[in-house]
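Participant: In the working numbering, the protein residues as written are 99 to 402.
No residue lacks a Cβ here, since even glycine has one placed at the ideal position from N, Cα and C.
All figures in this text were calculated on a predicted structure; none of them were measured in a lab.
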Ligand code: C5P
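1. What does the shell around ligand 1 hold, if a residue joins when its beta-carbon is under 5 Å from any heavy atom?
2. Of all the options 388, 366, 386, 328, which has the alpha carbon lying nearest to the alpha carbon of residue 144?
3. Between which two residues does the alpha helix (DSSP H) harbouring residue 188 extend?
4. Can you give me the C-alpha to C-alpha distance between residue 175 and residue 166, rounded to a whole angstrom?
5. Can you tell me whether residue 294 is helix, strand or coil according to DSSP?
6. Indicate whether residue 399 and residue 285 have their beta-carbon atoms separated by less than 8 Å.
7. Answer with buried or exposed for residue 105, where buried requires no fewer than 16 other C-beta atoms within 10 angstroms of its C-beta.
8. Quick one: any contact between the stretch 295-315 and the stretch 376-390, if contact means 3 or more CB pairs under 8 Å?
9. Residue 323 to residue 317, Cα distance in whole Å?
10. What number of angstroms, rounded off, separates the C-alpha of residue 153 from the C-alpha of residue 127?
11. So, under 8 Å CB-CB, residue 396 and residue 280 are touching, yes? Tell me the CB distance rounded to an integer number of Å.
12. Could you check if residue 118 is buried or exposed, using at least 16 other CB atoms within 10 Å of its CB as the buried criterion?
13. Between which two residues does the beta strand (DSSP E) carrying residue 144 extend?
14. Under 8 Å between the Cβ atoms of residue 189 and residue 253?
15. Identify which residue in 161, 155, 184, 217 has its Cα closest to the Cα of residue 363.
16. Counting C-beta neighbours from all protein chains within 10 Å, is the total for residue 278 16 or more, i.e. buried, or is it exposed?
17. Would the beta-carbon of residue 342 fall within 8 Å of that of residue 380?
18. Taking just the CA atoms, how far does residue 132 sit from residue 307?
19. Per the DSSP calculation, residue 394 is bridged to which residue(s)?
20. Please name the residue or residues paired with residue 121 in a DSSP beta bridge.
21. Find out if the Cβ-Cβ distance for the pair residue 361, residue 125 is shorter than 8 Å.
22. My output table needs one value for residue 99: the three-state DSSP class, helix, strand or coil.
23. Excluding the 5 residues preceding and the 5 following residue 264 in the sequence, name in chain order all residues of the same chain whose CB lies nearer than 7 Å to its CB.
24. Answer with buried or exposed for residue 123, where buried requires no fewer than 16 other C-beta atoms within 10 angstroms of its C-beta.
25. I'd like to know whether the C-beta atoms of residue 321 and residue 283 end up nearer to each other than 8 Å.
26. Find out if the Cβ-Cβ distance for the pair residue 185, residue 273 is shorter than 8 Å.
27. Would you tell me roughly how many angstroms separate the C-alpha atoms of residue 146 and residue 369, rounded to the nearest one?
28. Excluding five sequence neighbours on each side, which residues of the same chain lie with their C-beta closer than 8 Å to the C-beta of residue 116?
29. Assuming residue 202 and residue 159 are in contact, meaning their beta carbons sit under 8 Å apart, how far apart are those beta carbons, in whole angstroms?
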């Protein structure tokens, strides 16, 4: 079933028994420090999560079902099949198999995804949805997996899924699976902006010429000052591929950010603002200038 232009709030309230947020993931810094023999790149990334994102709802059903609503619903595949199959369904199937292999039975489930985040945007998207599906289904089926097995299962869905499962400020290393909590990272007021040009992550990595960049190094408690010294190494190749990144980054920066960067492999850029009120005002102004693009004020999880 595919629902577009449906008031998902009503749908969710009427039918669902359990909800899960799939928060936008933001790479505050992303250094590419090497490449593995299998082609995956080694990273060091300071990652945090927004207080908004996609929403998933789970309810009892006679047979498995999947429906989608929200601004970006029409851009999603609705089957699990193939390399570009829907990650929510892949997550459901892989978790069910892992549980059934252990003799844990699972019931049919209707999953509804409210797709509020732009797709192929560098802010988690599919990975956040997959992680939220895993969290939600474990609650729905009242089941769990050992941490190490769950981590492997996440990684098999994508390099960003383990971090999205945690949903807290993190330092990510390896290809993104080696995670350390950053409990000192403060809650930040951000504006997310995306020109609604989808970016293919493998394309951006392929365009990267310098792969052995300096690591992030010692953390500093002056977070904004520290982040200013860091980079997103995927930003130059993404800017060369998607011209709108220059423009959206300048527009956000002109609203009075303390720092402006790109997240992940783009094209979403973010600005850090001194207050949430300032980020809301910036979004109003940006929507006036580029009504066809995506702008969202968010608070990130973290201290304060
Ligand atoms: O793991 P995921 O499917 O999200 O990654 C998409 C693609 O991005 C990979 O197939 C790979 O080409 C590239 N990638 C990479 N190094 C990473 C993560 C992703 O080269 N650490």
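Facilitator: Looking at the atomic coordinates:
1. Going along the chain, the residues that qualify are 138, 139, 256, 257, 273, 299, 300, 303.
2. 328
3. 185-199
4. Taking the straight line joining both Cα atoms gives about 10 Å.
5. Shown here, residue 294 sits in coil according to DSSP, grouped into three states, outside any helix or strand.
6. yes
7. Bear in mind that the predicted position of residue 105 carries a pLDDT of just 44, short of 50, making it too unreliable to give a figure here.
8. no
9. 11 Å
10. In a straight line, the C-alpha of residue 153 is about 26 Å away from that of residue 127.
11. So it is not a contact: roughly 18 Å between Cβ atoms.
12. buried
13. Where residue 144 is concerned, the enclosing beta strand (DSSP E) stretches over 139-158.
14. no
15. 217
16. exposed
17. Taking 8 Å as the Cβ cut-off, residue 342 and residue 380 do not qualify as a contacting pair.
18. 11 Å
19. 290
20. According to the DSSP secondary-structure assignment, residue 121 is paired through a beta bridge with 151.
21. Their beta carbons are under 8 Å apart, which means residue 361 touches residue 125 by this criterion.
22. Unreliable positioning characterises residue 99 in this predicted model, as indicated by a pLDDT of 35, which lies under 50. A coordinate reading is not provided.
23. Excluding positions up to five away in sequence, the list reads 277.
24. Per the 10 Å Cβ criterion, buried.
25. yes
26. no
27. Cα-Cα distance, rounded: 14 Å.
28. 155, 156, 157, 234, 237, 238
29. That pair is no contact at about 19 Å.
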